[in-house]
Amino acid sequence: MEKQYAIVQTGSKQYRVEKGDVIEVEYLDTEAGSKIELTDVLLVSSAGAVKVGRPSVAGCVVKASVLGEVKGPKVVGVKYKRRKNNYRKFGHRQGYHQLMIDEIVC
218 MEKQYAIVQT
228 GSKQYRVEKG
238 DVIEVEYLDT
248 EAGSKIELTD
258 VLLVSSAGAV
268 KVGRPSVAGC
278 VVKASVLGEV
288 KGPKVVGVKY
298 KRRKNNYRKF
308 GHRQGYHQLM
318 IDEIVC
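So the mapping is simple: this note's numbering equals the position in the sequence shown, first residue as 1, plus 217.
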């Protein structure tokens with residue numbers, strides 16, 4: 218039996234999701250423990266049948282619950298100017314929301 222999956226777009230990125238997946242997306246305007254619906258579904262595959270949206274599949278939503286906030290890996294940057302005794306090192310950790318995919322409704 219083939220699993221049902223969908224490709225959704227959120228935060229200008231696309232994700233391939235199945236029921237039970239945990240994904241990290243850019244910050245959303247929600248709190249931990251809340252339920253959200255991702256309505257920008259680009260493709261749905263169910264039992265071998267594929268529906269492709271133009272640009273999104275009408276009537277399909279992906280329901281997910283927000284698990285919390287996490288931080289990505291640390292990225293270290295350096296600014297340096299030769300012969301000027303100017304050296305600056307800085308770090309950055311991008312914040313994400315973790316989503317648990319509850320169901321794909323089509």
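For glycine and all other residues, C-beta sits at the position ideal for the given N, C-alpha and C.
Practice task
List the residues that DSSP assigns as beta-bridge partners of residue 304.
Solution key: 297
Problem - Given 8 Å, three or more beta-carbon pairs between the stretch 315 to 322 and the stretch 262 to 282 - result: yes
Practice task
Pick helix, strand or coil for residue 272, following the three-state DSSP scheme.
Solution key: coil
Handout entry: Contact test: residue 316 Cβ vs the ligand COA heavy atom, cutoff 7 Å
Key = The ligand COA is absent from the structure shown, which contains no ligand whatsoever.
Practice task
Take residue 271 as the anchor and find which of 243, 305, 257, 263 has the nearest alpha-carbon.
Solution key: 257
Exercise for the section: Grab the span of the beta strand (DSSP E) containing residue 223 for me, first residue to last. Expected result: 222 to 227
Problem - Exposed unless 16 or more other CB atoms sit within 10 angstroms - verdict on residue 234 - result: buried
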